Amino acid sequence: GENVEQHPSTLSVQEGDSAVIKCTYSDSASNYFPWYKQELGKGPQLIIDIRSNVGEKKDQRIAVTLNKTAKHFSLHITETQPEDSAVYFCAHGGGGNKLTFGTGTQLKVEL
Amino acid sequence: GAGVSQSPSNKVTEKGKDVELRCDPISGHTALYWYRQSLGQGLEFLIYFQGNSAPDKSGLPSDRFSAERTGGSVSTLTIQRTQQEDSAVYLCASSFPTGGIIYGYTFGSGTRLTVV
Chain A
1454 GENVEQHPST LSVQEGDSAV IKCTYSDSAS NYFPWYKQEL GKGPQLIIDI
1504 RSNVGEKKDQ RIAVTLNKTA KHFSLHITET QPEDSAVYFC AHGGGGNKLT
1554 FGTGTQLKVE L
Chain B
4 GAGVSQSPSN KVTEKGKDVE LRCDPISGHT ALYWYRQSLG QGLEFLIYFQ
54 GNSAPDKSGL PSDRFSAERT GGSVSTLTIQ RTQQEDSAVY LCASSFPTGG
104 IIYGYTFGSG TRLTVV
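Going down the list, the sequences are from chains A and B.
So the first sequence is numbered by the working numbering: it starts at 1454 and just counts up by one.
So the second sequence is numbered by the working numbering: it starts at 4 and just counts up by one.
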């Protein structure tokens, strides 16, 4: 199947702490794993992605890790800031040109 | 254009009326997608166009929903005889898959549809 489970559904952290969001998928054909950030009233925006030929990718304060054997991947945000507050979606694809999205995580960074 | 443009940004319609939602993708993007996002929910796939291939309509929830893409560019999503459960944000995205390799989508800001 193409389902993807995303946890947690809500996450509250203190400014400066790290946040981790995890996703589990079932489609063995998947080889592309993007993460999107959606701010209120806007469409989702791609923030980082990873392909199955690597296990980790980092871009400043955000990083994504992939365990293809276990079929799970995670988003890590370090030194969180209030502007990181948003809904984050994981997705996967590769068996075709269509992405399947997780159910979203509402991240709140508190001062 | 520079990004994916959707119109209208908001639409309020009466139950039973037909509505048309428009999406103008990034120039040169061959793939175009429609998703639906209900309040506080995830992204539900509706339909996908890729070049001149037959569209993947597997996500359309009923025969009241249809979409077309003219000239490989602008797409219109039509909902006939709208129902209250159709109320949602309808998101359009485009991408440029190359050589069978999928790439991330660029989303528009969406159309918020309210059926009263």
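All residues carry an ideal CB built from backbone N, CA and C; glycine is no exception.
These numbers come from a predicted model, not from an experiment.
Contact criterion: CB-CB distance below 8 Å. Does residue 59 (chain B) meet it with respect to chain A? Here residue 59 (chain B) corresponds to residue number 56 of the second sequence, with the count starting at 1. So yes, residue 59 (chain B) belongs to the interface.
Taking the CB atoms as reference points, tell me whether residue 1518 (chain A) and residue 1509 (chain A) lie closer together than 8 Å. Translated into positions along the first sequence, residue 1518 (chain A) becomes position 65. Translated into positions along the first sequence, residue 1509 (chain A) becomes position 56. Against a cut-off of 8 Å, the Cβ pair of residue 1509 (chain A) and residue 1518 (chain A) comes out as a contact.
Do we get a CB-CB distance below 8 Å when we pair residue 1502 (chain A) with the residues of chain E? No chain E appears in this structure, whose protein chains are A and B.
Compare the C-beta of residue 68 (chain B) with all C-beta atoms of chain A and state if any pair is closer than 8 Å. Within the second sequence, numbered from 1, the residue matching residue 68 (chain B) stands at position 65. Output row for residue 68 (chain B): interface = no.
If the cut is a Cβ gap below 8 Å, which residues of chain B does residue 1556 (chain A) touch? Taking the first residue of the first sequence as position 1, residue 1556 (chain A) is located at position 103. Chain B residues near residue 1556 (chain A): 44 and 45.
Determine the direct distance from the alpha carbon of residue 86 (chain B) to that of residue 66 (chain B), and round the result to whole angstroms. Counting from 1 along the second sequence, the entry for residue 66 (chain B) is found at position 63. Counting from 1 along the second sequence, the entry for residue 86 (chain B) is found at position 83. Rounded to whole angstroms, residue 66 (chain B) to residue 86 (chain B) spans 13 Å at the Cα level.
Compare the beta carbon distance of residue 1526 (chain A) and residue 1486 (chain A) with 8 Å and say whether it is the shorter of the two. For this step, residue 1526 (chain A) is matched to residue 73 along the first sequence. For this step, residue 1486 (chain A) is matched to residue 33 along the first sequence. Residue 1526 (chain A) places its beta carbon less than 8 Å from that of residue 1486 (chain A).
Quick one: grab the DSSP three-state call for residue 23 (chain B). As a working mapping, residue 23 (chain B) is identified with position 20 in the second sequence. Of the three classes helix, strand and coil, the one that applies to residue 23 (chain B) here is strand, per DSSP.
Relative to the C-alpha of residue 1465 (chain A), which candidate in A:1505, A:1520, A:1539 and A:1458 has its C-alpha closest? On the first sequence, residue 1465 (chain A) is found 12 positions in, with the first residue counted as 1. Closest by alpha carbon: A:1539.
Quick check for students: name the residue ranges of the alpha helix (DSSP H) that lie wholly in the stretch 25-53 of chain B, counting only runs of 4 or more. none
Considering only their Cβ atoms, is the gap separating residue 1557 (chain A) from residue 1544 (chain A) smaller than 8 Å? In the first sequence, the residue the question calls residue 1544 (chain A) occupies position 91. In the first sequence, the residue the question calls residue 1557 (chain A) occupies position 104. No. Outside cutoff.
Pull out every residue of the stretch 84-104 of chain B whose Cβ sits closer than 9 Å to any Cβ of chain A, in chain order. 92, 94, 95, 96, 98, 100, 103 and 104
Limits of the unbroken beta strand (DSSP E) element including residue 91 (chain B): Along the second sequence, read from residue 1 onward, the residue named residue 91 (chain B) stands at position 88. Its beta strand (DSSP E) spans residues 91-98.
Just to confirm, are residue 7 (chain B) and residue 99 (chain B) a CB contact at a threshold of 8 Å? In the second sequence, the residue the question calls residue 7 (chain B) occupies position 4. In the second sequence, the residue the question calls residue 99 (chain B) occupies position 96. No.
Quick check on the burial criterion: 16 or more other C-beta atoms within 10 angstroms. Buried or exposed for residue 42 (chain B)? Position 39 of the second sequence, counting from 1, holds the residue named residue 42 (chain B). The residue in question, residue 42 (chain B), is exposed, as its Cβ has fewer than 16 Cβ neighbours within 10 Å.
List the residues of chain B whose Cβ lies closer than 9 Å to the Cβ of residue 1526 (chain A), in chain order. Here the question's residue 1526 (chain A) lines up with position 73 in the first sequence. Under the 9 Å cutoff, chain B gives no residues; its nearest Cβ is about 14 Å from residue 1526 (chain A).
Using a beta-carbon distance below 8 Å, is residue 1461 (chain A) in contact with chain B? Walking along the first sequence from the start, residue 1461 (chain A) turns up at place 8. So no, residue 1461 (chain A) is outside the interface.
Hey, how far is the Cα of residue 1467 (chain A) from the Cα of residue 1512 (chain A)? Reading the first sequence from its first residue, position 14 is the one you call residue 1467 (chain A). Reading the first sequence from its first residue, position 59 is the one you call residue 1512 (chain A). If you draw a straight line from the Cα of residue 1467 (chain A) to the Cα of residue 1512 (chain A), it is about 21 Å long.
Under a CB-based cut-off of 8 Å, is residue 1529 (chain A) close to chain B? Here the question's residue 1529 (chain A) lines up with position 76 in the first sequence. Chain B, which has no Cβ nearer than 8 Å to the Cβ of residue 1529 (chain A), makes this no.
Is the Cβ-Cβ distance between residue 1530 (chain A) and residue 1514 (chain A) less than 8 Å? The residue labelled residue 1530 (chain A) in the question sits at position 77 within the first sequence. The residue labelled residue 1514 (chain A) in the question sits at position 61 within the first sequence. Against a cut-off of 8 Å, the Cβ pair of residue 1514 (chain A) and residue 1530 (chain A) comes out as a contact.
Three-state secondary structure assigned by DSSP to residue 1470 (chain A): Numbered from its first residue, the first sequence carries residue 1470 (chain A) at position 17. Residue state, collapsed to three classes: coil.
Residues sharing a beta bridge with residue 1485 (chain A), DSSP: Numbered from its first residue, the first sequence carries residue 1485 (chain A) at position 32. Bridge partners of residue 1485 (chain A): A:1504 and A:1546.
Burial state of residue 1552 (chain A) (16 or more Cβ within 10 Å): To locate residue 1552 (chain A), count along the first sequence from 1; it is residue 99. Residue 1552 (chain A) should be labelled buried.
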